[in-house]
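Working notes, beginning with the structure itself.
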Ligand SMILES: [Zn+2]
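Protein chains in written order, with this note's numbering: chain A, 1 to 999; chain B, 1001 to 1121.
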């Protein structure tokens, strides 16, 4: 039997198992937590603190535990920063302590503790302010010393996480007495209920007590029976091991469910996203510690935790206990320890003489009680050895003549109870200070929610039950269709005296500094003197205090420290707590793994990929890919050992010499129908669409209302009142939304119907002097002569029996046919045309060659030449702006002076050294000066090597560029060189467009 | 995550919707009298109250229809959703509509008059 296991305690343990803590083999029982097993084995020192590396032990029994954080290794999984109180023991469990080197007992970092005067509150801010390069020196040191566990060193998380959506009528958060009663109240109703609890079983604190009876049954047993009852109901879903960590808008609740206990389950955790019609908050209370010198030494524990470990697991971390309290509840602990055979040295009660039934019971056993006394110090190096007890004056001053030293190895502390208002606060609810219980309680409710029991500040068991029944009934009133069954529960629980003595007996700040190493926040090593120092330095707002001292910022989110911190600040500032306020609680209530939030949306499933129907051919022919939004587009097709530049040069040259074919299926395509389509296009585009006839194509530019270019493309009149619009690949979704928005909200009277057909068509862009011959050889049934099928027109036809829509439009400046076919024929047609084009040296070209070809012609790409601040006038496209139209989107803005004067204009640039390619984005300057300021003229938007011009070419936006054609311009590069060049018109190849018009 | 009632589809999670900002903004009629100031007010000035507000939303991952919503920007409470082209009916919606500074601008007054006249016909 383990050293600290109480004999004769009846506990339903299942199976004895072994486990490892820091490589030491220990034994415990299945069904208990790691914390319980460590206590059973008398392991007091379980970790080192965050900043000072002070020895720390377990202080709590639930998710409020700030100290006992361990790393768990399981197969290929490593999880750091897990609370030992939340780990369920299993055969062969491997746990390691954190934040210590070379080992837990002889931790090198603990020398920091001796230098703690050097690392006060705001240490990080102060240190890193000076010297300016200091951080580089400190970083390594600080990162090594501070912090908690280390992340696993593997690159892939071996855990599996899933997301579940759920809609319920009522979600009950917390399965303690109030949650259970609320659930029972609704059990026979028509409502769908979900009840979630962070522990392995429902019952909450009832599982930790031996002095509460419900309907004459021990509370623990009653909780089990009730759970059984609820489990059998179809309308009740019970979630255990579940951390309700977020309360969002409109009763949207997020829960992380730990599934590792599930037999043969491959899922590590589930994220529940629950939308509840009503929410019942029943998370109960958390006991808070008392702040005194040495209160962080292993062996100092929360009184309720000491009692809980004894009652539930039959373990007590010591043989000689002292109880230190400011309220009645700790007397229950005395009774439990007495029954367990633990020697109770004395009870130290901050209050002056009080009496209650509970107290008399303890007094009758013969336990010594020091009323009006305090623990002034705890003595010991790694754990509690002795304590110093002193008398307090009525004003709360320590009487130093009254010191008594008492031997003890366990100190059970109770500083009162804090309602768990975190979720209530997250819901938007406002808190109100209750000066009697020294707590924040829910006051103004924001959402469709009710708070009951402990977390509503109701301490008494009987009142909790009545409140739970009443409030639950009220909140579901309009949801139920039959009367709820009466819930009658007879409660037998200890009778308390509710008095409480504020623990803030420090009157002068001098006293407090003497009481250094009196910890407020255990996890972040915030002491009383840190809080006072921060306040002295002017951090008097509670929000500032939090950030400056890191009070309440740990993984435990200050569950045990918030109120104590506030009280110290309130005493220091001599202000009431409501005047100071509390910090806002934010999610998560307890730590949540990033992997859980990612769920299955990781790796390949992170973002969808879009592939064209012709993609299998690109893959087979070893195309290199470029991502354009979600699309994967063929970038270039290297042959043999070609590098990118040679491959692109070959594709560009061949397209102008023979012919090239591009998979342009990703182009945005929007089908527009309706008798007002022309009117609509007239508003959307800058040019005039009134006279366009079926069979004609037209290039258009659309602007934002601010007059800046938004998208461009060719739109074709298929039939009267039927148009086929094309957009840029990246702009297709936003243009569709744009059209829908205007047609629905501004011009709902127009008869226009808009549908995206991007995925419905495969588009093959056949381009080059031999394009016509190739197309006709492929079996195209259309008369392709220039007379019958001129530039900027469209024909319906068939290629080898396959239906096609062919647009004679060009983005390369060559004779071009954009062949659209229902997408299912795309791959077949691509292969067919390539085959017919073989003897004409037809080659596929990718997006890079397309960019070079269009840049040679000076054709813009929206998003490359434009960035949302470029107007069509800047691009030299005055010709596309209709003078006759009364209105179109963006028209009025083109008249505003800032849109006209002092603009950057699109120009071409030829470098003096024709081999030199200016980096895209390079800024141009007018003069080379030795020192700033240097006036910037603009920047390069596109820059390539052009094999057809046999030199480098670039497009740029330059201030007043069109009037500076022929002038010299300079581009300083990052490595200190200056590239020189001259401004030219933005058209480098076939400026008259003879090839485009294709005879 | 708001729970939004699309007037065409019913209640859905906020993730299916996009917010299009302030509702009931009249696009000024283009004519020579329209000053730069009036135009820029339409383009760039927006009402951003703490409290009741009328916004346009679109069910972008659903039916793709635009609609109007009366929302309290502090509590996120939604009082009303209604189709484009109509006016709010709830007490909160009418108040939000009335309180908007835009309701007093020139173009807005003209537009309201038009709407009223259309209603009469
Ligand atoms: Zn919808």
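Each residue gets a CB set at the ideal place from its N, CA and C atoms; glycine is no exception. Because the structure is a prediction, the values reported are computed rather than measured.
Setting aside the 5 residues that flank it on each side, residue 648 of chain A is surrounded in the same chain by 636, 848, 849 and 852, each with a C-beta closer than 7 angstroms to its C-beta; the list follows chain order. A straight line joining the alpha-carbon of residue 326 of chain A with that of residue 502 of chain A spans about 8 angstroms. Burial check for residue 606 of chain A: the Cβ neighbour count within 10 Å stays below 16, so the residue is exposed. If you look at residue 555 of chain A, you'll find it isn't in any alpha helix (DSSP H); DSSP assigns it neither H nor E.
For the C-beta of residue 429 of chain A, not a single chain B residue is nearer than 8 angstroms; the gap to the nearest is close to 11 angstroms. Taking a 10 Å sphere around the C-beta of residue 1011 of chain B, we find fewer than 16 other C-beta atoms and assign the residue as exposed. The beta carbon of residue 608 of chain A sits closer than 7 angstroms to the beta carbons of 630 from its chain, once the five residues preceding and following it are set aside; these are given in chain order. Rounded to the nearest whole angstrom, the CA to CA distance from residue 716 of chain A to residue 1086 of chain B is 35 angstroms. Not a single heavy atom of ligand 1 lies less than 7 angstroms from the C-beta of residue 1019 of chain B. For residue 1008 of chain B, the shortest C-beta to heavy atom distance toward ligand 1 is below 7 angstroms. The closest CA to that of residue 777 of chain A, considering only A/994, A/730, A/920 and A/838, is found on A/838. For residue 750 of chain A, the closest C-alpha among the options A/81, A/677, A/195 and A/442 is that of A/677.
Shortest Cα-Cα distance from residue 22 of chain A to any of A/92, A/947, A/546 and A/76 involves A/92. If you check the C-beta of residue 744 of chain A against ligand 1, you find no heavy atom less than 7 angstroms away. A distance below 6 angstroms between beta-carbons, with the five flanking residues on each side excluded, links residue 481 of chain A to the following residues of its chain, in chain order: 190. Not one beta carbon of chain A lies nearer than 8 angstroms to the beta carbon of residue 1099 of chain B.
According to the DSSP assignment, residue 1012 of chain B belongs to no alpha helix (DSSP H) but to the beta strand (DSSP E) extending over 1010-1013. By the Cβ-count criterion, residue 1024 of chain B is buried, with 16 or more other Cβ atoms from all chains shown falling within 10 Å of its own Cβ. Cβ-Cβ distances below 6 angstroms link residue 844 of chain A to 637 and 661 in the same chain, with the five nearest sequence neighbours on each side left out; the list follows chain order. Relative to ligand 1, residue 1059 of chain B has its C-beta within less than 7 angstroms of a heavy atom. The criterion of a C-beta distance shorter than 8 angstroms is satisfied by residue 663 of chain A and residue 612 of chain A. Taking non-hydrogen atoms of ligand 1 into account, the C-beta of residue 1065 of chain B is found less than 7 angstroms away from one of them. Put simply, the backbone Cα of residue 353 of chain A is about 10 angstroms away from that of residue 369 of chain A.
Residues of chain A whose Cβ lies closer than 8 angstroms to the Cβ of residue 1060 of chain B are, in chain order, 737. Contact note: residue 446 of chain A reaches chain B through 1075, using a C-beta cutoff of 7 angstroms and chain order. Out of A/500, A/265 and A/209, the CA that lies nearest to the CA of residue 307 of chain A is found in A/209. Considering only A/815, A/363 and A/877, the residue with the shortest C-alpha distance to residue 859 of chain A is A/877. The straight-line gap separating the alpha-carbon atoms of residue 254 of chain A and residue 545 of chain A is approximately 29 angstroms. Per DSSP, the continuous alpha helix (DSSP H) segment holding residue 545 of chain A begins and ends at 542-549. If you compare the alpha carbons of A/220, A/633 and A/237 with that of residue 187 of chain A, the shortest gap goes to A/237. Distances from the CA of residue 31 of chain A to each of A/200, A/225 and A/52 were compared; the closest alpha carbon is that of A/200. The residues 1005, 1007, 1067 and 1069, in chain order, have a CB closer than 6 angstroms to that of residue 1081 of chain B in the same chain once the five nearest residues on each side in sequence are set aside.
The alpha-carbon of residue 363 of chain A is positioned some 38 angstroms away from that of residue 184 of chain A. Under the Cβ criterion (8 angstroms, minimum of three pairs), the segment 753-772 of chain A counts as touching the segment 725-738 of chain A. Think of a sphere of 8 angstroms around the beta carbon of residue 1032 of chain B: no beta carbon from chain A falls inside it, the nearest being about 10 angstroms out.
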